[in-house]
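Protein chains: 2
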Amino acid sequence: MTAEAPLPPGGTIGILGGGQLGRMLAMAAARLGLTCHIYSDVPDVPAFEGALHHTVAAYDDEAALLEFAKAVDVVTVEFENVPAEALATTARASAVFPPVRAVEVSQDRLIEKEFMKSHGIAVAPFACVDTERDLEAAVETIGTPSLLKTRRLGYDGKGQVKIATRADMETARAALAGVPSLLEAFIAFEAEVSVIAVRGRSGAVSFYDPSRNRHENQILAESRVPSGLPADIEDAARDIAARIVDDFDYVGVLCVEMFYCGADAERPLMVNEIAPRVHNSGHWTIDACIVSQFENHVRAIAGWPLGTTARHSDAVMTNLIGADVQDWPVLAGRDGVAVHLYGKREARPGRKMGHVTRLF
Amino acid sequence: MTAEAPLPPGGTIGILGGGQLGRMLAMAAARLGLTCHIYSDVPDVPAFEGALHHTVAAYDDEAALLEFAKAVDVVTVEFENVPAEALATTARASAVFPPVRAVEVSQDRLIEKEFMKSHGIAVAPFACVDTERDLEAAVETIGTPSLLKTRRLGYDGKGQVKIATRADMETARAALAGVPSLLEAFIAFEAEVSVIAVRGRSGAVSFYDPSRNRHENQILAESRVPSGLPADIEDAARDIAARIVDDFDYVGVLCVEMFYCGADAERPLMVNEIAPRVHNSGHWTIDACIVSQFENHVRAIAGWPLGTTARHSDAVMTNLIGADVQDWPVLAGRDGVAVHLYGKREARPGRKMGHVTRLF
């Protein structure tokens with residue numbers, strides 16, 4: 128694929144990762160007449176369903192990665208922690224979007240926060256914590272309540288310890304266990320909000336309407352649009368997302384999760400984290416928009432014109448976590464509700480099994 | 128699969144036929160966590176893209192059909208002329224929806240018309256034509272303009288000859304060539320309209336809004352909703368569809384194509400033909416409804432509750448026939464338009480390569 132010409136129908140998109148995001152990307156690609164090739168380190172993953180070609184190999188298997196990259200026209204990622212090295216390897220043999228740098232920055236909470244700070248984007252006060260001594264000093268500076276988080280490999284609340292008061296220091300010290308971490312001030316936010324941005328190869332940027340998100344047990348439970356936030360705050364949220372994707376010279380969908388601290392707060396919006404990929408808080412776009420986040424990611428990386436991000440309906444997306452999925456016969460019978468199940472056999476606690484979107 | 132319990136997520140749907148209808152059915156099934164197994168007599172068909180399992184074998188290969196039927200939980204069809212015998216064979220080893228009888232009736236224009244007549248449903252005047260002598264007599268009775276059609280294996284205008292005046296008799300005689308046929312009066316209709324009905328295993332019936340269809344060169348070019356027809360005519364169209372699916376004890380989606388002859392006509396609606404499957408004139412439901420015709424067909428045959436057939440938008444669906452598909456870069460850039468391409472490599476004239484749906 129050249130940098131200029133769009134990938135024509137019949138072309139192949141390579142996806143590193145085989146989860147539900149890959150599955151929904153593959154379905155969106157198929158709709159456009161594009162084929163997908165899924166690379167996963169485990170067999171029988173949800174994304175194999177919608178894709179014609181599959182590779183099962185480790186993410187550090189250089190030969191397999193290169194063979195995969197040669198077999199496809201463009202490589203992308205579908206999960207949080209795809210090793211940036213794996214992505215860099217595929218880049219030797221294929222076009223790769225999003226840029227490796229965006230993936231690298233998002234994989235290290237410290238680098239991510241420093242990136243935001245250097246761009247004048249507000250984040251929660253934070254301090255680097257490598258040793259117990261650092262931890263003491265950080266709690267001194269940041270105060271409590273605060274959160275000790277590993278710099279890398281955290282998602283859905285994994286790798287986090289809350290320090291509500293100094294009494295939790297012992298637990299925090301034990302959790303640290305020499306893992307490079309950071310301490311973040313706990314933000315008493317009014318709402319969690321996210322913006323799904325998409326940037327094309329031409330540099331064109333579009334945004335879906337910001338969603339208001341609710342987490343339970345640190346896992347996304349619900350996203351709703353409209354967010355109910357003031358219009359100027361929504362504009363500010365989009366502006367933050369625009370600065371991020373432009374700086375990365377980003378191509379594809381990127382999600383920015385933010386805390387809304389109230390219109391009267393000194394910094395009404397603080398970035399919590401970014402995800403350089405399609406995102407759970409954008410699943411509502413499948414049913415409430417003509418062109419979903421998945422299709423727009425595919426369009427962007429394939430060099431197609433971006434599709435509209437306009438909404439034809441209001442929507443509430445609710446995740447089906449673990450045993451929630453057992454309610455499928457009831458959910459399928461509810462009027463105005465779109466049911467999405469990911470084909471996972473085992474409904475383990477905390478596992479995302481599907482989602483439902485209610486349109487209004 | 129028992130007659131009573133719905134097929135749970137993880138179950139497998141077998142589809143006879145591998146075209147774009149099978150492809151869109153497979154995508155709809157995957158959304159619900161159901162897997163598809165495509166049976167096709169040719170390799171590399173559009174439906175393989177969205178389905179995890181594929182069989183390539185002839186439609187008269189009894190052993191292959193039985194093996195396929197045993198490997199799935201329910202069998203359905205996606206194309207016009209799947210041999211009813213093939214369907215009957217799979218029925219020995221699996222649940223099969225729609226009922227074989229509905230497929231048989233729809234495959235023979237004469238039986239189809241007699242079925243309508245016996246249910247008091249208006250059709251164009253017709254006469255059976257097996258011999259040249261029959262043809263003479265039929266033209267005498269039916270008059271001109273009229274259409275000579277083969278009883279079996281016709282679609283998209285194939286197997287039809289128009290007899291505009293008696294001067295066309297020679298052409299008609301040559302076309303007949305001993306093939307069992309029928310002569311139909313040519314109906315000067317005001318509009319072509321179709322109703323997509325879905326009937327569940329419980330006997331519940333729902334309808335999508337009737338669409339107004341436009342054909343070019345006897346191939347569907349465009350379907351639009353709302354149809355613009357008077358409300359009582361739309362009610363009558365739904366009523367006709369209801370009588371048909373109820374008589375067949377039908378399960379799944381069935382399309383009834385009708386001629387609208389004007390509110391003042393003696394019989395304002397005449398059934399042209401039925402298709403016991405998802406239908407091109409219902410493709411708009413993918414983008415304009417929460418639950419598409421494809422998902423509702425899957426829901427029905429899997430014993431799930433039917434999904435809503437309500438529309439959130441007005442829509443115009445336009446087919447991309449043959450070289451039309453080459454406009455994809457322009458179409459993909461149009462606002463408010465959903466693009467669907469079927470992954471067919473060769474854009475032969477008259478071949479359905481994809482469709483676009485514009486929402487309003």
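The listed protein sequences derive, respectively, from chains A and B.
For the first sequence, the residue numbers in this note's numbering are 128 to 487.
For the second sequence, the residue numbers in this note's numbering are 128 to 487.
A virtual CB, placed ideally from N, CA and C, is assigned to each residue, including glycine.
Under the three-state reduction of DSSP output, N446 (chain B) falls in the strand class. Among the residues of the stretch 449-476 of chain B, those with a Cβ less than 7 Å away from any Cβ of chain A are W455, P456, A459, G460, D462, G463, A465, V466, H467, L468, Y469, G470 and R472, in the order of the chain. In terms of beta-carbon proximity, T182 (chain A) stays away from the interface with chain B, with every pair separated by 9 Å or more.
Of the residues B:T203, B:T162 and B:T139, the one whose Cα lies closest to the Cα of P226 (chain B) is B:T203.
Remark: C-beta atoms of A153 (chain A) and I142 (chain A) approach each other more closely than 9 Å. Annotation: M385 (chain A) to S221 (chain A) spans about 33 Å, alpha carbon to alpha carbon.
The Cβ atoms of V380 (chain B) and V405 (chain B) sit closer than 9 Å to each other. Not flagged as an interface residue toward chain B: A251 (chain A), since no C-beta distance is shorter than 9 Å. At a cut-off of 9 Å between C-beta atoms, H164 (chain A) does not count as an interface residue with respect to chain B. 9 Å or more divides the Cβ of P170 (chain B) from the Cβ of K471 (chain B). Contact between A312 (chain A) and I269 (chain A) holds: CB atoms are separated by about 5 Å, below the 8 Å threshold. Any Cβ of chain A closer than 9 Å to the Cβ of R150 (chain B) would place that residue at the interface, and such an atom is present. Contact with chain A is absent for R278 (chain B), since none of that chain's Cβ atoms lies less than 9 Å from the residue's Cβ.
Pairing T139 (chain B) with A185 (chain A), the inter-Cα distance amounts to about 29 Å. Straight through space, the alpha carbons of Q287 (chain A) and L310 (chain A) are spaced by roughly 10 Å. Annotation for A318 (chain B): the continuous beta strand (DSSP E) segment containing it runs A318 to R326. Chain-ordered, the chain B residues with CB closer than 8 Å to the CB of I417 (chain A) read D414, G463, V464, A465 and L486. With fewer than 16 neighbouring CB atoms inside 10 Å of its own CB, H246 (chain A) falls in the exposed class. For Y377 (chain A), DSSP assigns no beta-bridge partner whatsoever.
Q287 (chain A): member of the beta strand (DSSP E) spanning Q287 to I290, first to last residue. Inclusion of P133 (chain B) and W431 (chain B) in the CB contact set at 9 Å is warranted, their separation being smaller than that value. If you draw a straight line from the Cα of A291 (chain B) to the Cα of L262 (chain B), it is about 14 Å long. Beta-bridge partners of L347 (chain B) (DSSP): B:H342. Taking C-beta atoms as the reference points, D336 (chain B) and P357 (chain B) fail to come closer than 9 Å. By alpha-carbon distance to I238 (chain B), the top candidate from B:I428, B:V332, B:S308 and B:E393 is B:S308. Within chain A, the C-beta atoms nearer than 7 Å to that of W431 (chain B) come from A459, in chain order.
Taken through DSSP and simplified to helix, strand or coil, H467 (chain B) comes out as strand. Excluding its 5 nearest sequence neighbours in each direction, L179 (chain B) has C-beta neighbours in its own chain below 6 Å: T162, listed in chain order. Under DSSP, C416 (chain A) takes part in a beta bridge, and its partners are A:R438.
Here the alpha carbons of K240 (chain A) and A218 (chain A) stand approximately 26 Å from one another. In the three-state reduction of the DSSP assignment, G177 (chain A) falls in the helix class, which pools H, G and I. Here R339 (chain A) is near G355 (chain A), since their CB atoms are less than 9 Å apart. Cβ contact annotation for C388 (chain B) (same chain, cutoff 8 Å, sequence separation greater than five): I314, A315, F316, E317, R394, P395, L396 and M397, in chain order. Look at R485 (chain A) here: in three-state DSSP terms it is strand.
The residue among A:M296, A:A249, A:V250 and A:A304 with its C-alpha nearest the C-alpha of P272 (chain A) is A:M296. At least 9 Å separates the CB of G145 (chain A) from every CB of chain B.
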